[in-house]
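Worksheet: one structure, shown below.
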Amino acid sequence: MSNEQEYINLFCTNRELIEKPCAAMLNEERGKAFERFEERGFPGIKEENWLHTNVAAQFATDYGMNLGRVTTEAGTRDIFTCDVPNLGTHKAYIVNDSFQAAANNSSLPTGVLFGSLNAIASEQPELLTPYYNKLAANGDSIAQFNTLFVQDGIVLYIPRNIEINETIQIVSLLQSKVEMMSNRRLLVILEEGAKASLLMCDHSSAAHKSLSTQVTEVFVGAGASLDIYELEETSESNCRLTHLFVQQQADSRFNHCNITLTNGFTRNYVNVQLAGKGGDTNITGLAIGDRKQHIDNRTLVEHKTSHCTSNELYKYILDEESVGIFAGKMLIQPCAQQTISQQTNRNLCLTKCAHMYAQPQLEIYADDVKCSHGSTVGQLDENALFYMQQRGIPKEEARHLLMYAFAGEVFENIKIEALRDRLHLLVEKRFRGELNRCKGCSLCK
Amino acid sequence: MENLLEIKNLHATIDGKEILKGINLTVKAGEVHAIMGPNGSGKSTLSNVLVGHPAYTVTEGEVIYKGKDLLALSPEDRSHEGLFLSFQYPVEIAGVSITNFMRAAVNAQRAYLGLEPMNATDFLKLMREKRALVNLDSKLANRSVNEGFSGGEKKRNEIFQMAMLEPTLSILDETDSGLDIDALRIVAEGVNKLKREDASTLVITHYQRLLDYIKPDIVHVLYNGRIVKTAGPELALELEERGYDWIKKDN
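Top line first, the protein sequences correspond to chains A and B. With the first letter of the first sequence counted as 1, position 416 gets the number 545 in the numbering used here; the numbers rise by one all the way through. With the first letter of the second sequence counted as 1, position 154 gets the number 416 in the numbering used here; the numbers rise by one all the way through.
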């Protein structure tokens, strides 16, 4: 039996169990997702978008799913202590795939919703239904898979003209005594003129193989402004498959910074649709790989209307036998005149065994635009290394300084100073090999 | 006076091609030696071999520095032992500020000498003092090493680093190239201010001009991988006047 057939059977057999604890909004979308998944199955490596990422193989493990919604007993405070120093955040957890509120949160402005997707979808379906699965419905079969099995996640809803100054933090924790799969879902809605910044941290236990799918749908209303910082600090035994769908209205601002600090097998897909005039989007990424880590970032920025700007910067530092894949596309539709779009991808391969596959793409159907793209793959500058050694800096440290300098450009897009400082430290430790495990949390010990 | 550096019958190759064909040179503590010679004679190879550039292979001979086998030391340990090269073409290092670069260098040297890392206040004070020696703009200190610097700024930055690390043997590899008269004077004055009784300098240059400012005790002519002539400062003047042809003819 093929992998997909096992999951199709699993769904059919357990549909009642899956749907029982869930809001109608979640259940109503499963039918179409089922059809789409059944039709397409898992993507094969002959498909252009999956050439270097054999995702079907990742599903071969016999993972457990918490379909019966057994409550996790672990106290998040005991297992997660990787807080960002000097940064107070308004926090929530997704433990495996269940929402858990954090203690000691300050209160958010009236009207703001930040909580369990399933709970809020049950209480206020009229609020979420216009958004839920509206972008992801067109996603690939992994997104369909998520819609099929999802039971909970997080909603952040910010009404018109409300600005939240405190950073909202979502911490995903995967921990289990068996091989575990989690399908989590996030829905972020900023109405007109709203403003927020969101920090999403992804941790996993190293003890057992785990797989997470994560679908995030983001709606940025007219004139609204949203920053999302995603930080992956999972383990070698983790597979992370994410989809981020963003729809931006007129004069809105979206900034995304996606950092893969430690991981096993990762595929991130970012799709931004600029649907209103004057929208501005900025997507950046930093991937640090060693051993046999696999980091695949695919982005698609769609300019669907005129006078929008998009800026993209992805950098990879690949050591040992790690593999990096970057495929970025800027798609400029015929009506998207006066577009300004720039895409940059720079990669360092530190060994002969590290592999980088880069595919920068521009697809332009309008004639009055300013677009550019560029991609490079290289090694550390030997002349610079020697220059530093001559000044007494040991070669290893000189290498770290150069790698660190290379990564630094990505941090310029992080607007929260405390987070930037924290990331500087984490990246530095990572290069020194002191961060194979996040020492702060007992998950990794 | 004590011998600081003794080069004996040094042969070196790059990509299998022999460039140095038996160099003999002794530098005593406190001396300034000038090494002159036409293009391609091996001047830059000599300086690169001394600091341990990996592209060069020493095939014969030895170098004794402070009584130690210099060639057995790693490039960074040679630096820690007080060997400094002012590069002919200083390298641009994007994303690494001069401050961070120098902090790493100073603290690596201190660690080698068994000293604690310098605290931030003392370090910045030291930076300020040494910058003043070569009129290096404080704005440059926050910029990436040599990135977008003019020729003069790069060379001033080299001498600034020299001031920070207080070397015992400094090699100035064509420090005058790419400098206008004013920059040349500033750089040379910087070097002169750093002069110590126990420290020596090797000045590699094509021209007499730099030697007007940095007065050598001894002048050598390097030609075809060997030192073919050694004399006092008057040799530099003679070369300026007569060129290198008469040296080439005799060798």
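Where a beta carbon is used, it is the ideal one built from N, C-alpha and C, also for glycine. Keep in mind the model is a prediction, meaning the values are calculated, not measured.
Among the residues of chain A, none has a CB under 7 Å from the CB of V311/B; the nearest is roughly 13 Å distant. Annotated three-state conformation of V396/B is coil, per DSSP.
Looking only at G452/B, T463/B, L484/B and R488/B, the smallest Cα-Cα distance to P478/B is reached by T463/B. Setting aside the 5 residues that flank it on each side, E295/A is surrounded in the same chain by H219, each with a C-beta closer than 6 Å to its C-beta; the list follows chain order. By the C-beta density criterion, C482/A is exposed, having fewer than 16 other C-beta atoms within 10 angstroms. Identification of residues in the stretch 521-532 of chain A having a C-beta nearer than 9 Å to some C-beta of chain B yields G521, I522, P523, K524, E526, A527, L530 and L531, given in sequence order.
Taking the CA atoms as reference points, V401/A sits about 25 Å from V452/A. For Q471/A, the CB contacts under 8 Å within the same chain, skipping 5 residues up- and downstream, are S439, N440, E441, C500, S501 and H502 in chain order. For a Cβ distance threshold of 9 Å, residue set Q518, Q519, R520, G521 and I522 of chain A lies close to S341/B, ordered along the chain. Comparing C-alpha distances from V300/A to each of Y494/A, V279/A and D226/A shows the shortest one belongs to D226/A. Judged by DSSP in its simplified three-state form, D512/B adopts helix. Look at A373/B here: in three-state DSSP terms it is helix. Taking 8 Å as the upper bound for CB-CB distance, V498/A and L370/A are not in contact here, some 33 Å apart. The alpha-carbon separation between H468/B and H385/A amounts to approximately 54 Å. V325/B is a Cβ neighbour of L312/B, given a cutoff of 8 Å.
Judged by DSSP in its simplified three-state form, T361/B adopts helix.
Of all alpha-carbon atoms in A265/A, Y260/A and N367/A, the one lying nearest the alpha-carbon of R396/A is that of N367/A. Rounded to the nearest whole angstrom, the CA to CA distance from L257/A to A250/A is 6 Å. Of H436/A, V506/A and T363/A, the smallest CA-CA separation from L447/A is found for V506/A.
A Cβ-Cβ distance of about 6 Å is found for the pair Q462/A and H432/A, placing them in contact under the 8 Å criterion. For K161/A, the enclosing alpha helix (DSSP H) stretches over residues R159 to R169. In this structure, A272/A sits away from G322/A, with a CB-CB distance that is not shorter than 8 Å. Rounded to whole angstroms, E264/B and A291/B show a C-alpha spacing of 6 Å. Note on S400/B: under 16 other CB atoms within 10 angstroms of its CB, so exposed under the neighbour-count rule. Within the stretch 373-423 of chain A, no run of alpha helix (DSSP H) reaches 4 residues while sitting entirely inside it.
Residues are counted here when their Cβ sits less than 9 Å from a Cβ of chain A; for the stretch 388-406 of chain B these are S406, given in chain order.
The CB of L347/B comes closer than 7 Å to the CB of Q519 in chain A, given here in chain order.
Closest in alpha carbon position to E451/B, among F422/B, H342/B and E500/B, is F422/B. Taking 8 Å as the cut-off, the Cβ atoms of I433/B and S348/B count as close. In the three-state scheme derived from DSSP, where H, G and I count as helix and E and B as strand, M380/B is classed as coil.
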